[in-house]
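In order, the protein sequence lines correspond to chains A and B.
Residues in the first sequence are numbered from 7 upward in steps of one, following this note's numbering.
Residues in the second sequence are numbered from 21 upward in steps of one, following this note's numbering.
Beneath this line is the structure, given in structure tokens, with notes to follow.
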Amino acid sequence: AQSVTQLGSHVSVSEGALVLLRCNYSSSVPPYLFWYVQYPNQGLQLLLKYTSAATLVKGINGFEAEFKKSETSFHLTKPSAHMSDAAEYFCAAYTNTGNQFYFGTGTSLTVIP
Amino acid sequence: ETGVTQSPTHLIKTRGQQVTLRCSSQSGHNTVSWYQQALGQGPQFIFQYYREEENGRGNFPPRFSGLQFPNYSSELNVNALELDDSALYLCASSPSADEDTQYFGPGTRLTVL
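What follows is the structure, encoded as structure tokens:
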């Protein structure tokens with residue numbers, strides 16, 4: 007079965023600093039990979055997705071992620087953090103087997119003014 | 021805006037009761053998936069419905085059941101509620117069962133006392 011690991015349940019960065027949220031997946035066959043953001047008391051909003059096209063994927067709100075097959079990673083980055091980026095971020099993998107998503111446990115991002 | 025709506029937004033039940041949660045998928049989407057998100061955790065896949073048939077199921081007991089209607093809206097039913105069923109229940113729709121991108125609703129917060 008697929009699994010997704012997010013390293014660091016809490017990440018704090020200063021406003022304007024680089025954001026790096028880590029995600030690793032476990033599969034010999036690269037799945038489709040996603041990053042979602044969740045604001046308090048809301049559902050999940052898609053930031054970006056990787057579907058075997060370009061390995062560097064650009065998403066909304068200035069976020070991007072790079073797929074590295076050799077490292078089975080799909081880390082999320084943003085060059086300059088904004089206060090509005092404070093939220094919970096989830097990495098997810100989708101496989102056609104079972105037609106289901108596997109989510110990581112999430113990383114809470116705090117942006118310090 | 022995702023277009024996926026869920027009702028109710030909040031619900032309080034007591035142990036042993038039954039609950040029905042509802043989801044209206046985004047226009048044009050024929051696939052609905054349900055997730056359970058416990059506090060501080062990532063969403064866990066419950067099951068998926070495609071054109072009124074169950075199309076995949078996660079590791080949840082049979083007391084979690086669902087329906088999808090001809091208009092592709094969906095219900096999640098949970099019987100014999102347990103305290104651990106307290107969670108945010110998320111519904112997500114996608115244009116088809118082969119479509120990897122899911123669009124999430126805001127969720128229903130269920131509290132079991």
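Where a beta carbon is used, it is the ideal one built from N, C-alpha and C, also for glycine.
Only a predicted model underlies this, so the values are computations on that prediction, with no experimental measurement involved.
For a test of the three-state rule: what should DSSP assign to residue i, helix, strand or coil?
i                     : result
residue 68 of chain A : helix
residue 82 of chain A : strand
residue 90 of chain A : helix
residue 24 of chain A : coil
residue 21 of chain B : With a pLDDT of only 46 at residue 21 of chain B, under 50, the local geometry of the prediction cannot be trusted, and the value read off the model is given with reservation. Coil, per DSSP.
residue 72 of chain B : coil
residue 59 of chain B : coil
residue 33 of chain B : strand
Just mark residue i as buried or exposed, buried being the case when its beta carbon has 16 or more other beta carbons within 10 Å.
i                     : result
residue 98 of chain A : buried
residue 55 of chain A : buried
residue 28 of chain B : exposed
residue 84 of chain A : buried
residue 38 of chain B : exposed
residue 66 of chain B : buried
residue 90 of chain B : exposed
Can you tell which of the options has its C-alpha closest to the C-alpha of residue i?
i                     : options                 : result
residue 40 of chain B : B/101, B/77, B/69, B/49 : B/101
residue 81 of chain B : B/72, B/73, B/60, B/104 : B/104
residue 43 of chain B : B/74, B/99, B/53, B/66  : B/53
If residue i sits next to residue j, beta carbons under 8 angstroms apart, how far is it from one beta carbon to the other, in whole angstroms?
i                      : j                     : result
residue 109 of chain B : residue 45 of chain B : In fact, because the Cβ distance is near 15 angstroms, the residues do not count as touching under 8 angstroms.
residue 127 of chain B : residue 64 of chain B : That belief does not hold up - the Cβ atoms of residue 127 of chain B and residue 64 of chain B are roughly 13 angstroms apart, past 8 angstroms.
Of all the residues that make up the segment 109 to 131 of chain B, which are near chain A by a beta-carbon distance shorter than 9 angstroms? Listed by position along the chain: 110, 111, 112, 117, 118, 120, 121, 122, 123, 124, 125, 126, 127, 129.
Note down, in chain order, all residues in the segment 52 to 65 of chain A with a beta-carbon under 9 angstroms from any beta-carbon belonging to chain B. Per Cβ criterion, the list reads 52, 55, 57.
Counting only Cβ-Cβ distances shorter than 9 angstroms, please list the residues of the segment 49 to 80 of chain B near chain A, keeping chain order. Those would be 51, 53, 55, 57, 60, 61, 62, 63, 64, 65, 67, 68, 70, 75, 76, 77, 78, in chain order.
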